[in-house]
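Enquirer: After the structure tokens below, expect a handful of questions from me.
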Amino acid sequence: MQKKYWLGLFMLALLLLFFGNGSLLVTDSVESNYALTAKEMVLSGDWLSPQIYGNYWYDKPIMFYWLTALGFKLFGFTEFGARFFPALFGLLGIGLVSYGGYRLYSEKVGFFSGVLLLSSVEFFLISKSIITDAVLFLFFSATLLFFYLGYSENRPLFWYLTYVSAGLAVLTKGPIGVLLPGLIITLFLLWQRDWQVLKRCKLFSGTLLCALVAVPWYAAMYAIHGSDFINTFFGVHNFLRATVSEHPRDNVWYYYLLVNALALFPWSALVPLCLWQRWREGERWETSEKFLLLWAGVIFVFFQCMATKYITYTYPLLFPMSIFLAKELAAGEERLLSIHYFIFVGIIFAALLGAAQWVTVTGMVAEESMFLLPLSIIVGMMLYYVWQLNGSHQVLGLGSICLCFYLALIMSIAIPFSAQRSAKGLGELLVKDGIREVGLYGSYPTSAVFYSNARIVKLVPEKELERYKPKNMSWSSKNVMPFAAMEKQHYPFVIVNEKSMKDFLKQNKHQWQLAGRSERYLLLRPQVEQGRMDDSMLACYNSDVRARLTVKNEWRNQHGRT
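The sequence shown begins at 17 in this note's numbering and counts up by one.
The structure is reproduced here in structure tokens:
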């Protein structure tokens, strides 16, 4: 491969992964937890024990919090700072998968591996998200890649890199970072019937090295926090997650089939096609191919058997599948992808554009959607053009279409969507009004705490208070935000989610005056005098909310309630 191709791949990866990151707001509810925890780490100076809302937080190990906090130290408490390391680790992931394809097969396979991974849907999404998965992806993949390189080349450096990577994976996600790679390696050695490798894999010294990387933080946390850390981190966030579903609605047998069909798009349909062709032709599997397929298959089956299913859990299988498919594509010289395959890809692109249209029409994204029609035409024309190319140019062309598509979606969908899912405006409103503590009724916007540093106390009916209290070996242990009984609230201001306004008025005896509004939230304060609300303050609010408030006040006035 010419150097210009590698330079082009690197520059396109750099553009896709970092473009728009400063405009993508911190969203609720997952991203804001990581961002707020890292922010409190910087502000408190405690870089050992993660905290959120001023409480110790044992949801994840320390690695991603360290990285996000470092991003804040470098770039301030900004969206770009929060997204810097996920994007950087995405870039390193492209480098690692290209290196893996190159070492296992050839430079062309390495290059194709990078193109396939960079242009896949889930890689694009996760590398721009404030979550642990981009970091875990790199360390998890490095553990298995360096194991196989050590197995096939018997170089001590690869063995030691395996153990270091496993230790870093444990610091990123917990025991799964070493147990799942260990399971894959064990099954591979069983398949190969080759246990002699245990004599040369630096097992004793490597295990000590892995422990040296991973154990000190866990030991320090146990020494400081004792059984609270053990029961919450290992009990709830590992054992309970594996045995009791956190999201029961996702417990369907086809969940990960659908997830991975989209995750590896536009290359996912090649997986059954390549497997079918290899089986039909009766070709022998190379040892490296066996390892890659086992790697991906074990990840899929393992998480399919887990009680809790989540869209990112099987993300690490994109690494071996990118290399496997790259090898298959690099072997061809004529047209690698048929017209039927491009029709399939066009249908999925149409579905994605339809979904983008739907989120704009339904108001999930407050943006005009006129760009979607010309974008659909452009994508269709580009697909037809790429189909007529031969060999490598089809792969490069289809990958380029995906990159253009993702860049268009960043500006038109992703940035407006992040604004809809973030409470940055509410946080800025609290800062503007100098509000340091406030009650809240409805869904809890952690991002507002991140942007304001205010103490937001969730108000719940007193009869439901017991349900919110954290309990051992229960999902309620995740309720670490401040909360209090609504009947006893004494805050000068209360935030209410618009969708919860009717419920709030039913359960609250006070008269309320509107003091401000941002996104989906209303800022209320108790009304000192009896009577209707101040119409001049209501003028900026939508009519349905205003009508509900006014009607409720009239009903209370007629019945003499205060």
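Backbone N, C-alpha and C define an ideal beta-carbon position, used for all residues, glycine too.
#1: Cutting at 6 angstroms between CB atoms, please list the residues of its own chain near Lys504, excluding the five before and the five after it.
#2: By DSSP, does Lys89 sit in helix, in strand, or in coil?
#3: So that I know if they touch, is there some Cβ in chain B lying closer than 8 angstroms to that of Leu132?
#4: Measure the C-alpha to C-alpha separation of Gln523 and Leu540 and round it to an integer number of angstroms.
#5: Who pairs with Tyr537 in a beta bridge, going by DSSP?
#6: Alpha carbons only, please: which of Ile426, Ala430, Val131 and His526 is nearest the one belonging to Leu334?
#7: With a 10 Å radius around its C-beta and 16 neighbouring C-beta atoms as the bar for buried, classify Asn406 as buried or exposed.
#8: What does DSSP give as the partner residue(s) for Glu453 in the beta ladder?
#9: Can you check whether the CB of Ser468 is closer than 8 angstroms to the CB of Gly441?
#10: Where does Val395 sit, in a helix, a strand or coil, going by DSSP?
#11: Using the Cβ count rule (16 or more neighbours within 10 Å means buried), how would you classify Pro508?
#12: Along the chain, where does the beta strand (DSSP E) containing Phe499 start, and where does it finish?
#13: Would you mind stating whether Ile200 and Trp311 have Cβ atoms separated by less than 8 angstroms?
#14: Assuming Leu133 contacts Phe127 under a Cβ cut-off of 8 angstroms, what Cβ separation, rounded to an integer in Å, is found between them?
#15: Please tell me whether Ile68 and Leu52 are closer than 8 angstroms, where the distance is taken between their beta carbons.
#16: Need the endpoints of the alpha helix (DSSP H) that Arg294 sits in, please.
#17: With a CB to CB cut of under 7 angstroms and the five nearest residues on each side skipped, what residues in its chain are close to Pro264?
#18: Return the Cβ separation of Ala14 and Tyr81 in integer angstroms, given the expectation that the two are a contact with Cβ distance under 8 angstroms.
#19: Taking Cβ to Cβ, would you say Thr188 is nearer than 8 angstroms to Val151?
#20: Where does Gln527 fall in DSSP's three states?
#21: At which residue ranges does the stretch 79-145 contain complete alpha helix (DSSP H) runs of 4 or more residues, listed in the order of the chain?
#22: Cα-Cα, which of Pro332, Trp528, Thr462 and Ser434 is closest to Leu161?
#23: Got a sec, what are the start and stop residues for the alpha helix (DSSP H) Trp211 sits in?
#24: Ser157 lies in the alpha helix (DSSP H); which residues open and close that run?
#25: Are there 16 or more other CB atoms within 10 angstroms of the CB of Ala103, so buried, or fewer, so exposed?
#26: On the criterion of 16 or more Cβ atoms from any shown chain inside 10 Å, does Leu30 qualify as buried, or is it exposed?
#27: May I have the straight-line CA-CA distance separating Thr94 from Glu453, to the nearest angstrom?
#28: Please work out which residues of its chain come closer than 6 angstroms, Cβ to Cβ, to Ser338, disregarding the five sequence neighbours upstream and downstream, and give them in chain order.
#29: Taking only runs that begin and end inside the stretch 178-234, name each unbroken alpha helix (DSSP H) of 4 or more residues, in chain order.
#30: Just mark Met57 as buried or exposed, buried being the case when its beta carbon has 16 or more other beta carbons within 10 Å.
#31: Residues in the same chain with beta-carbon distance under 8 angstroms from Gln574, minus the five sequence neighbours each way, listed in chain order, please.
#32: Output the distance between the C-alpha atoms of Val275 and Ile451, rounded to the nearest integer angstrom.
#33: Span of the alpha helix (DSSP H) holding Trp22?
#34: What are the start and end residues of the alpha helix (DSSP H) that includes Ala580?
#35: Provide the residue span of the alpha helix (DSSP H) that contains Met57, from first to last.
#36: Measuring only the C-alpha atoms, how far is Arg536 from Trp233?
Expert: Once the coordinates are examined:
#1: Scanning its chain for C-beta atoms nearer than 6 angstroms, with the 5 sequence neighbours on each side dropped, one finds no residue around Lys504.
#2: DSSP places Lys89 in the helix class (H, G or I) of the three-state scheme.
#3: Here there is only one protein chain, and chain B is not present.
#4: Near 15 angstroms, if we compare the C-alpha coordinates of Leu540 and Gln523.
#5: The partner list for Tyr537 (beta bridge, DSSP) reads Asn513 and Ser534.
#6: Nearest C-alpha to Leu334: Val131.
#7: Label assigned to Asn406: exposed.
#8: Per DSSP, the beta-bridge partners of Glu453 are Arg471.
#9: At least 8 angstroms separates the beta-carbon of Gly441 from that of Ser468.
#10: Assignment of Val395 by DSSP, reduced to helix, strand and coil, places it in the helix class.
#11: Answer is exposed; the Cβ neighbour count stays below 16.
#12: Element bounds for Phe499: Phe499 to Ala501.
#13: Against a cut-off of 8 angstroms, the Cβ pair of Trp311 and Ile200 comes out as a contact.
#14: Between Leu133 and Phe127, the beta carbon gap of about 11 angstroms keeps them out of contact (Cβ cut-off 8 angstroms).
#15: Result yes, Cβ atoms of Ile68 and Leu52 sit closer than 8 angstroms.
#16: Counted as a single uninterrupted DSSP element, the alpha helix (DSSP H) harbouring Arg294 occupies residues Leu286 to Glu297.
#17: The beta carbon of Pro264 sits closer than 7 angstroms to none of the beta carbons in its chain outside the five residues before and after it.
#18: With the chain covering 17 to 578 only, the question about residue 14 has no answer from this structure.
#19: For Thr188 and Val151, yes; Cβs fall inside 8 angstroms.
#20: Correct three-state label for Gln527: coil.
#21: Taken in chain order, the whole alpha helix (DSSP H) runs of length 4 or more contained in the stretch 79-145 are 79-91, 95-120, 123-134 and 137-142.
#22: Considering only Pro332, Trp528, Thr462 and Ser434, the residue with the shortest C-alpha distance to Leu161 is Pro332.
#23: Bounds of any alpha helix (DSSP H) do not take in Trp211, whose DSSP letter is neither H nor E.
#24: Residues Asp149 to Glu169.
#25: Ala103 is buried by the Cβ-count criterion.
#26: Within 10 angstroms of the beta-carbon of Leu30 lie fewer than 16 other beta-carbons, which makes it exposed.
#27: Their Cα atoms are separated by approximately 23 angstroms.
#28: Around Ser338: Val113, Ser129, Leu132 and Leu133.
#29: 192-208, all fully within the stretch 178-234.
#30: Burial call: buried.
#31: Residue placement at Gln574 is poorly supported in this model, since its pLDDT is 44, which falls under 50; the coordinates still yield a value, given next. Excluding positions up to five away in sequence, the list is empty.
#32: Here the C-alpha atom of Val275 lies approximately 42 angstroms from the C-alpha atom of Ile451.
#33: Note, Trp22: alpha helix (DSSP H), Lys19 to Phe34.
#34: The question about residue 580 has no answer here: the residues shown for the chain are numbered 17 through 578.
#35: Element bounds for Met57: Val46 to Ser60.
#36: Distance between Arg536 and Trp233, taken at the CA atoms: about 40 angstroms.
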